[in-house]
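K.L.:
Going left to right, the sequence shown walks through residues -20 to -1, 1 to 834 as mature numbering (1 follows the signal peptide of the UniProt record, and there is no 0) numbers them. Provided herewith is a single structure, encoded as structure tokens, for subsequent inquiry.
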Amino acid sequence: MNWILICFALFICILHSTAANDIAHGVGSFLFDGIFSVSDESTKRINYHSGFLMAEAMKFAVEKINNNSDLYGYKLDINAIYDVSSTNTLRNKILSTFLEKIPFIIGPYSSQSTFIAGILTTTFEQPTFSYSARYTDFPLVGKEKILRTVPSNSFQIQAVLDLIKKLKWNYLSVVSSYGYDGEADAEKFILRLGEIGVCLAQRVDIPKNPSQITFDEAVENLDILETNKDKSRQNGLVFFTNNNDSYNLFSAIKRNNKTKRFLIICLSGCANYKENTEGNEEAVEGTLSLDVVQLEIPEFKEFVYRQKPNSLSAEYFNKTWENIFRCSLNPSVFPTCSGNEKLGDIIYRSYIPVYLVMDAVFAVADALKFFIHYFCSRSQFWMSLEKHCVINAADRNDFATKIFEILKLMSYTDGTLEDIYTPLVRINRSVQYNIYQFRLTTNGQYENILVGNWKIKRPFLNESVEETFLYQKQDFWLDHYNETNSNHSELLPVAKCSDECLPGYIAVNHKDLQKAKCCWNCIKCPRNSISVNNNCYACKKTEMLVNNECVNIPEVKSIFSDAGRTLGCFSILMVIGLLLVFFVTIMFIRHNNTRVVRCSGRDLCYMILLGLTMLFVSPMAFMSRPSTTVCIMRGAFPGISFLMCYAPLFLRAARIHRIFIRARMTISRPALISPQSQVFVVLGIVGVQALLASVWFTSKTPGPDFVVSSGGDSITVQCTGDESAVAMFVNLALSAFFVLLCTILAFKTRLFPKNYNEAKFIGVTLYITCVIWSVFLPAYYLTAGKGVYIRECLISILCISIGYVTLFGLFGQKVRLLIWPDNAANCEREMISFSKISGTILEKSVEKNLISGV
């Protein structure tokens, strides 16, 4: 192909080098026939834009060439413009053109009709130019493809794919007309939908001779979505249809009250043409039309404005005039036309691509000039004796084949003529499509608004469509839709099978493999789970779900965690208690061998002091944030601390009780456990408590547990088992048992003798202890489920209050005697009174037993 272009370029250079006066001029006109679909006999409609305006563009182009281009004495002329709307009429007119030896045909008007015409005209070797046939893969006719001015359908399909991708559509249906008018293009388009991740809902093919029922059924079948709750769930349609089918589809949509059910992209600019939208405006509203870019030609607008019917007017012109103005050029039922009517803005639209017709006429003029320049040159031997050019413009056989060869050299590899406006000048252009939306504007009129543009450079004639896509980058822009639309026209929604799943939902794809990519059902994730990459992930126990994100639940801090009155009060009481215990211990150690300490049972007193120290320390475990160590301390410390106090106290009370019981019956000393043995007994009792706690901890090791509130908006950290009645029983049951025993013994010794001081203090201490326990236990169990921190506070209060009661009750009097020994003469006087006990023997026996045994 490259060598042909080089030869053609050299040929043009040679032509330019020849002076104009060396060219013999000729006489005659090269004739054109036009084939346009101006009217539709079946529907009695006039195709104002796709038919009438195109025919006028042919007349304008011929006039422009004759006025502005020198064809060396020759002219262009129109033999006839045929209004053709059926296949049979098309065949007859082409045959008539052949018989009349008309060399050039502009038209016909669609891919299907062009294919039919191409078989005949190629057979007759007659150059024919289609201004609307986009389909390129026609079967080869005479080894040559049909010449046309409209870009290849491959560009248009790519533009539509880019538009759909830009609009974020993922689910659509395709409607196509019969044969090459849409069916073949639709197949190419559908094969490429997977490239942009779009699923095909269904395909509807309009048959060759459709009826009204055909279109009604098609519209009903295309309405595949069950509901219309959301405009984003409208049906997306792509029309690969001819004008007649487009009109009938819009009419069926309106007729079946489905004007708000479809989002339509219409190829070939179907919504741009008045004949398709007139009467169907509500159904067409919102439709996007894709058509080749029309360059504004002011001369053509003026040409259209000045056209009027006359005695030489073609039939199609008169018919259109009468239809527009509802008047008659001949006597009829309509009033006679006044002659003052003007087409004006009624028929003219700047976005109708009329230059596609003009390009065909301009290309013929260029080819003719090339041929005349060469053939009629004085240097040619056949022109040496001729005054005029020997080309007979009326004899098609003289030049038709040669002109056709030149036109092929002026065409791209797919048969598309290069855009030419000035003869002999090649203009590299881009394939460009404008995207319009049919809207109801604020002035109450329906208009096509330019909303987008698609273009790609195509600079070389020998570059195929595939090479263009490979090496050239397409450019695409899409304006934001007008936000000032009327209430009937909104921003273009998205056509999709299923709405995007909300946060917290996952998509379960459709069972149909072809639709699984675009269609799904949204299933809610389990409670407190998020959706990520279409999978559900559970939040942690310490997290809650907020806007499909797992965020940490706010932790409700313990009442001790705030540096406020509660923490300060408990801390002060604990410190004071520990200091007092420390003070008493120092006093006892210092006076360890005094009569007061020895009479008190010093070994057991030290055990009790150790228990008191643990009691005052125990609240620290409940004031600290739970950890494994803290939880073990919470589980073990209170029970062991209480036993460290009550077990020695029980042994002390039991010892006193036995001494007095024995003193009543005999003066002999009762058999008593040694002080060292009492220590081991206490340690054994405490060991039992520790063993019980260890068994419980082994079966279920205590540790921090995060407890979420019923509303899920807060979290508390507590130890496992804090709410357990079993854990509470293991901790305090043995302590409560010894408290009960101590109280019983204290009650029994209250009269042995009545004013025996130590027994009195033990009794008072235990009575108060019982009152505290009787208040604590119901309060503790009644707060179940009302907050673990309340129980922490109760246990802390219990430990501190019991600690103070025990400390003052058991050691207050003893410390007083140690500090002020002059106030008491001796141990006997402070510890026992014999005023009401008769008998010297008993007195001596009690004294002996107390001093030696206690």
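Backbone N, C-alpha and C fix where the C-beta goes; we use that ideal spot for every residue, glycine too. None of the values given here were measured: they were computed from a predicted structure.
(1) Grab me the residues of T593's own chain with a C-beta within less than 7 Å of its C-beta, minus the 5 sequence neighbours each way, in chain order.
(2) So, for V610: in the same chain, excluding its five sequence neighbours on each side, which residues have a beta-carbon less than 6 Å away from its beta-carbon?
(3) Are Y111 and A340 touching if we call contact CB-CB under 8 Å?
(4) Give me, in chain order, the residues of the same chain whose beta-carbon lies closer than 6 Å to that of E772; leave out the 5 immediate sequence neighbours on both sides.
(5) With C-beta atoms as the reference, is T522 less than 8 Å away from N508?
(6) With respect to the alpha helix (DSSP H) encompassing G216, which residues constitute its N-terminal and C-terminal limits?
(7) Looking at the ligand GDP, does it come within less than 7 Å of M624, judged from the CB to the closest heavy atom?
(8) CA-CA distance, A139 and I15?
(9) Can you list, in chain order, the residues of its chain with a C-beta nearer than 6 Å to that of V273? Leave out the 5 residues immediately preceding and following it.
(10) Assuming P289 and L275 make a contact with CB atoms under 8 Å, what is their CB distance in whole Å?
(11) In terms of residue numbering, what span does the alpha helix (DSSP H) encompassing K55 cover?
(12) Does the pairing of the region 320 to 329 with the region 370 to 382 give three or more beta-carbon distances under 8 Å?
(13) By DSSP, does D13 sit in helix, in strand, or in coil?
(14) Looking at C-alpha atoms only, which residue of G581, V687, I371, N572 is the closest neighbour of Q658?
(15) From the DSSP output, in three-state form, read off S30 for me.
(16) Mapping DSSP to helix, strand and coil, what is M524?
(17) For the putative contact between R376 and K73, defined by C-beta atoms under 8 Å, what is the C-beta separation to the nearest angstrom?
(18) Using CA coordinates, which residue listed in I799, I85, P534 is at the minimum distance from S694?
(19) With a CB to CB cut of under 6 Å and the five nearest residues on each side skipped, what residues in its chain are close to T402?
(20) Is there contact here, the region 139 to 155 with the region 179 to 186, by at least three beta-carbon pairs under 8 Å?
(21) By Cβ distance, which residues of its chain are closer than 6 Å to Q417, with the 5 residues on each side in sequence left out?
(22) If we count Cβ pairs, one from each stretch, closer than 8 Å, do we get three or more for the region 621 to 634 versus the region 709 to 721?
(23) Keeping to the same chain, check which residues put their C-beta closer than 7 Å to that of K55; ignore five residues upstream and five downstream.
(24) Straight-line CA distance for R570 to A616?
(25) Hey, out of A496, C356, T316, whose CA is closest to H368's CA?
(26) Just tell me which of D13, Y227, D57 has its CA closest to the CA of N256.
(27) Only counting runs of 4 or more residues, tell me where the alpha helix (DSSP H) segments fall wholly within the region 77 to 113, in order along the chain.
(28) Considering only the alpha carbon of each residue, which of S30, V130, S318 lies closest to F305?
(29) Over the uninterrupted beta strand (DSSP E) stretch that includes T267, give me the two end residues.
(30) In chain order, what residues of the same chain lie with their CB nearer than 8 Å to the CB of L75, ignoring the 5 residues before and after it?
(31) Could you give the uninterrupted runs of the beta strand (DSSP E) lying entirely in the region 125 to 204, keeping only those of 3 residues or more?
(32) Please identify the residue among N215, T194, E197 whose C-alpha is closest to the C-alpha of I204.
(33) W434 lies in the beta strand (DSSP E); which residues open and close that run?
(34) Apply the 10 Å Cβ neighbour rule to E480 and answer buried if 16 or more other Cβ atoms are within range, or exposed otherwise.
(35) How many angstroms separate the CA atom of I812 from the CA atom of L589?
(36) Could you check where the alpha helix (DSSP H) with S598 kicks off and where it finishes?
P.N.:
Taking the structure as given:
(1) Counting from 1 along the sequence shown, the entry for residue 593 is found at position 613. Here the set comprises L558, V561.
(2) Sequence index remark: in the sequence shown, residue 610 carries index 630 (1-based). These residues qualify, in order along the chain: A601, S604.
(3) For the purposes of this step, residue 111 is taken as residue 131 along the sequence shown, with counting starting at 1. For the purposes of this step, residue 340 is taken as residue 360 along the sequence shown, with counting starting at 1. Yes. Within cutoff.
(4) Against the sequence shown, residue 772 aligns to sequence position 792. Excluding positions up to five away in sequence, the list reads F602.
(5) Within the sequence shown, the letter at position 542 stands for residue 522. Within the sequence shown, the letter at position 528 stands for residue 508. It is not a contact, given that the beta carbons lie outside the stated cut-off.
(6) Counted from its first residue, the sequence shown places residue 216 at position 236. Per DSSP, G216 belongs to no alpha helix (DSSP H); it is in the beta strand (DSSP E), 215 to 220.
(7) The ligand GDP is absent from the structure shown, which contains no ligand whatsoever.
(8) Stepping through the sequence shown from its first residue, residue 139 is reached at position 159. Stepping through the sequence shown from its first residue, residue 15 is reached at position 35. Spanning the two alpha carbons is a distance of roughly 29 Å.
(9) Translated into positions along the sequence shown, residue 273 becomes position 293. For V273, where only same-chain residues beyond five positions count, the Cβ hits under 6 Å are Q412, N414.
(10) Here residue 289 refers to the residue found at position 309 when the sequence shown is read from its first residue. Here residue 275 refers to the residue found at position 295 when the sequence shown is read from its first residue. Incorrect: roughly 29 Å between the Cβ atoms, too far for contact.
(11) For the purposes of this step, residue 55 is taken as the residue at position 75 of the sequence shown. Not the alpha helix (DSSP H): K55 falls in the beta strand (DSSP E), residues 55 to 63.
(12) no
(13) Sequence index remark: in the sequence shown, residue 13 carries index 33 (1-based). Three-state DSSP puts D13 in a strand.
(14) By 1-based counting over the sequence shown, the position of residue 658 is 678. That would be G581, whose Cα lies nearest to the Cα of Q658.
(15) Taking the sequence shown and counting its residues from 1, one reaches residue 30 at position 50. Reduced to three states, the DSSP call for S30 is helix.
(16) Here residue 524 refers to the residue found at position 544 when the sequence shown is read from its first residue. Residue state, collapsed to three classes: strand.
(17) As a working note, residue 376 is residue 396 in the sequence shown. As a working note, residue 73 is residue 93 in the sequence shown. With a Cβ gap of about 16 Å, R376 and K73 do not count as contacting.
(18) Taking the first residue of the sequence shown as position 1, residue 694 is located at position 714. Checking every option, the nearest Cα to that of S694 belongs to P534.
(19) In the sequence shown, residue 402 corresponds to position 422, counting from 1. At T402, the pLDDT of 48 sits below 50, so the modelled position is not reliable; the number obtained from the coordinates is stated separately. So no residue of the chain qualifies.
(20) yes
(21) Walking along the sequence shown from the start, residue 417 turns up at place 437. The answer, listed in chain order, is L268, I429, V431.
(22) yes
(23) Working through the sequence shown from its first residue, we reach residue 55 at position 75. Only S9, N46 meet the Cβ criterion.
(24) Translated into the one-based positions of the sequence shown, residue 570 becomes position 590. Translated into the one-based positions of the sequence shown, residue 616 becomes position 636. Spanning the two alpha carbons is a distance of roughly 32 Å.
(25) Translated into the one-based positions of the sequence shown, residue 368 becomes position 388. For H368, the nearest C-alpha among the options comes from C356.
(26) Against the sequence shown, residue 256 aligns to sequence position 276. Checking every option, the nearest Cα to that of N256 belongs to Y227.
(27) 91 to 103
(28) To locate residue 305, count along the sequence shown from 1; it is residue 325. It is S318 whose Cα lies nearest to the Cα of F305.
(29) Here residue 267 is taken as the residue at index 287 of the sequence shown, counted from 1. Run containing T267: none; DSSP gives neither H nor E here.
(30) For the purposes of this step, residue 75 is identified with residue 95 of the sequence shown, where counting begins at 1. Result list for L75: L100, in chain order.
(31) 151 to 156, 179 to 185
(32) In the sequence shown, the residue the question calls residue 204 occupies position 224. Answer by Cα proximity: N215.
(33) Taking the first residue of the sequence shown as 1, we reach residue 434 at position 454. Residues 426 to 437.
(34) On the sequence shown, position 500 is the one that residue 480 refers to. Exposed: under 16 other Cβ atoms inside 10 Å.
(35) Taking the first residue of the sequence shown as 1, we reach residue 812 at position 832. Taking the first residue of the sequence shown as 1, we reach residue 589 at position 609. In this prediction, I812 has a pLDDT of 43, which is less than 50 and means its spatial position is unreliable; what the coordinates show is noted afterwards. Each residue's alpha carbon lies about 24 Å from the other.
(36) Taking the first residue of the sequence shown as position 1, residue 598 is located at position 618. It spans 582 to 603 - the alpha helix (DSSP H) in which S598 sits, taken as one unbroken run.
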